[in-house]
Amino acid sequence: MRVLIIDDSALMRRIVGKALREARLELEEIVEAGNGAEGIAAMEQSGELFDLILCDVHMPGLDGVGFLRELAARGLTTARVVMVTSDACDPLVELALAAGASGFIAKPFSVEQIRNLVLDLAGTA
Amino acid sequence: MLESNAAERWQRLMDETVLEVFAAMLGCECVPTEPAGAPSDNTARVRFSGALVGECLLLFAAADAAKLAHMFLGEAADDEMAIDAIGELCNVLAGGWKRRLRPPASGAGLSVPSSAFGTPDSRGDLRQCYQFEGAQFAVRLTVKRVKED
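Chains as they are written, first to last, in our numbering: chain E, 1 to 125; chain X, 1001 to 1149.
Set out below in structure tokens:
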């Protein structure tokens, strides 16, 4: 599985990556990006598709919803985009789901929640 | 000036949020305490907008911010990562506290967290210190306007 983590917080990218590694999933590669624009660039530079994208909702520059809209506009496809948010009541989460996100995970989350999320998505892919 | 019953409820909701976040993300207990120790000059801020107008500030001493980052990552962290850690904690606490309010305030907007060195001007309407694993930090909540059913 190839995973792209998009978050403006370097700490959060490392936390999510650590959770994925600790979740005993079959990971080929984890790529990190600091905002939506960097995420788009990472996808365009990558020769292969990502199986899963974990994307922060609020970021300076191109945010999570903007990233999803840009993906659609450029015809970039990926298996799943899951939004990561500290605010499950955030109206932007609804916009992200409407823009094509497969789901969201709210912080604080545990390693087990990350694992279950990825396995659920793999089962419905 | 906040009504005392509202202030008490919001304080209780923050205590619950802090306890939940530290248990889930760091696997440790974090409880209210009296302020003590080194000056808290590492600051993180998240602003609320919409049905809730105000802000949530976190203040950490540098050593305690480094400890928080170390606990998040499971390894030693540099100053930049420590500042990032308190910004992320502020983000999660502000979101968790706001979610516990009644609508429509629970649906208010959150800003991107900002972190900086230095003590903020704002004293906050609610002030509480918390301790975890021998470290501590302060939360200051300012509520300028709120709509709750």
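Quick reminder that beta carbons are idealized off the backbone N, C-alpha and C, glycines included. Since we're looking at a predicted model, the values are computed, not measured.
Can you tell me the Cα-Cα spacing of residue i and residue j, whole angstroms?
i, j, result
"VAL3 (chain E)", "ASP120 (chain E)", "15 Å"
"ALA1082 (chain X)", "THR77 (chain E)", "35 Å"
"GLY1027 (chain X)", "VAL1018 (chain X)", "12 Å"
"GLY1124 (chain X)", "THR1043 (chain X)", "13 Å"
"ILE6 (chain E)", "PRO1035 (chain X)", "37 Å"
"PHE1117 (chain X)", "GLU1133 (chain X)", "23 Å"
"VAL1139 (chain X)", "GLU1016 (chain X)", "13 Å"
"PRO60 (chain E)", "ALA1024 (chain X)", "27 Å"
"ILE53 (chain E)", "LEU95 (chain E)", "17 Å"
"CYS1090 (chain X)", "PHE67 (chain E)", "24 Å"
"SER1122 (chain X)", "SER1040 (chain X)", "14 Å"
"LEU1126 (chain X)", "ARG1145 (chain X)", "14 Å"
"ASP1079 (chain X)", "LYS107 (chain E)", "23 Å"
"GLY34 (chain E)", "SER1004 (chain X)", "42 Å"
"ALA122 (chain E)", "SER102 (chain E)", "12 Å"
"ALA1077 (chain X)", "GLY17 (chain E)", "16 Å"
"ASP63 (chain E)", "ALA72 (chain E)", "14 Å"
"GLU44 (chain E)", "LEU27 (chain E)", "20 Å"
"PRO1120 (chain X)", "ALA37 (chain E)", "32 Å"
"VAL31 (chain E)", "PHE109 (chain E)", "20 Å"
"ALA1065 (chain X)", "VAL84 (chain E)", "23 Å"
"MET12 (chain E)", "GLY75 (chain E)", "28 Å"
"VAL1021 (chain X)", "GLY1037 (chain X)", "23 Å"
"THR1098 (chain X)", "SER46 (chain E)", "According to the sequence shown, residue 1098 (chain X) is Lys rather than Thr. The straight-line gap from Cα to Cα measures roughly 39 Å."
"THR1033 (chain X)", "ALA99 (chain E)", "44 Å"
"ALA10 (chain E)", "GLU1008 (chain X)", "35 Å"
"SER1115 (chain X)", "ARG1045 (chain X)", "6 Å"
"LEU49 (chain E)", "ARG80 (chain E)", "11 Å"
Below 8 Å on the Cβ atoms is my contact criterion, and I expect residue i with residue j to pass it. Report the Cβ-Cβ distance as a whole number of Å.
i, j, result
"PRO1104 (chain X)", "ALA1051 (chain X)", "4 Å"
"ASP51 (chain E)", "MET1 (chain E)", "5 Å"
"GLY1054 (chain X)", "THR1142 (chain X)", "5 Å"
"ILE15 (chain E)", "PHE1072 (chain X)", "6 Å"
"LEU1013 (chain X)", "PHE1137 (chain X)", "With 8 Å as the limit, LEU1013 (chain X) and PHE1137 (chain X) do not qualify as a contact, their Cβ atoms being about 17 Å apart."
"LEU1110 (chain X)", "PHE1060 (chain X)", "LEU1110 (chain X) to PHE1060 (chain X), Cβ: 20 Å. No contact."
"GLY1107 (chain X)", "CYS89 (chain E)", "5 Å"
"LEU1068 (chain X)", "ALA1085 (chain X)", "5 Å"
"VAL65 (chain E)", "LEU25 (chain E)", "Rounded, the Cβ-Cβ distance is 27 Å, inconsistent with contact."
"CYS1153 (chain X)", "TYR1130 (chain X)", "In the structure as shown, chain X starts at 1001 and stops at 1149, and residue 1153 (chain X) therefore has no counterpart that could be examined."
"ARG1100 (chain X)", "ASP1149 (chain X)", "Wrong, their Cβ atoms sit about 14 Å apart, outside the cutoff."
"ILE105 (chain E)", "LEU97 (chain E)", "That pair is no contact at about 13 Å."
Output, in chain order, the set of chain E residues within a Cβ distance shorter than 8 Å of residue i.
i, result
"GLU1055 (chain X)", "Neighbours of GLU1055 (chain X) on chain E: none; closest Cβ ~15 Å, over 8 Å."
"GLU1020 (chain X)", "PRO108"
"VAL1112 (chain X)", "ASP8, HIS58, MET59 and PRO60"
For residue i, return the contacting residues in chain E, with the cut-off set at a CB-CB distance below 9 Å.
i, result
"SER1106 (chain X)", "CYS89"
"LYS1098 (chain X)", "ASP87 and CYS89"
"MET1025 (chain X)", "ILE15, LYS107, PRO108, PHE109 and SER110"
Going along chain X in order, which residues have a C-beta closer than 7 Å to the C-beta of residue i?
i, result
"ALA37 (chain E)", "Those within 7 Å of ALA37 (chain E) in chain X number zero; the least Cβ separation is about 15 Å."
"ARG14 (chain E)", "LEU1073"
List the residues of chain X whose Cβ lies closer than 9 Å to the Cβ of residue i, in chain order.
i, result
"ILE5 (chain E)", "Within 9 Å Cβ-Cβ: nothing; ILE5 (chain E) doesn't reach chain X, min ~14 Å."
Residue i versus chain X: which residues are under 8 Å apart at the beta carbon?
i, result
"ALA10 (chain E)", "GLU1080, MET1081 and ASP1084"
Just checking: is the beta-carbon of residue i within a distance shorter than 8 Å of some beta-carbon in chain A?
i, result
"GLY1096 (chain X)", "The chain inventory of the structure shown lacks chain A, comprising the protein chains E and X."
Could you tell me which uninterrupted alpha helix (DSSP H) segments, each at least 4 residues in length, are contained entirely in the segment 68–96 of chain E, listed from first to last along the chain?
-> If only complete runs of 4 or more residues are kept, the segment 68–96 of chain E shows no alpha helix (DSSP H) anywhere.
Residues, ordered as in the chain, of the segment 1039–1073 of chain X that lie near chain E by beta-carbon distance below 7 Å | Taking 7 Å as the Cβ-Cβ cut-off, the segment 1039–1073 of chain X approaches chain E at ALA1069, PHE1072 and LEU1073, given in chain order.
Interface residues of the segment 95–114 of chain E facing chain X [CB-CB below 9 Å] = So the list reads ALA106, LYS107, PRO108, PHE109, SER110 and GLN113, given in the order they occur along the chain.
Which residue spans inside the segment 1041–1103 of chain X form an unbroken beta strand (DSSP E) run of at least 3?
-> Counting only runs that start and end inside the segment 1041–1103 of chain X, the beta strand (DSSP E) elements of at least 3 residues fall at 1042–1049 and 1052–1060.
Determine which residues of the segment 44–75 of chain E have a Cβ less than 8 Å from any Cβ of chain X, and write them out in chain order.
-> Of all residues in the segment 44–75 of chain E, HIS58, MET59 and PRO60 have a Cβ within less than 8 Å of some Cβ in chain X.
Positions along the segment 1082–1095 of chain X whose CB lies within less than 8 Å of some CB in chain E = Within the segment 1082–1095 of chain X, the residues whose Cβ lies closer than 8 Å to some Cβ of chain E are ASP1084, ALA1085, GLY1087, GLU1088, ASN1091, VAL1092, ALA1094 and GLY1095, listed in chain order.
Length-filtered (4 minimum) alpha helix (DSSP H) runs lying within the segment 4–76 of chain E = Listed in chain order, the complete alpha helix (DSSP H) runs (minimum 4 residues) inside the segment 4–76 of chain E are 10–22, 36–45 and 64–74.
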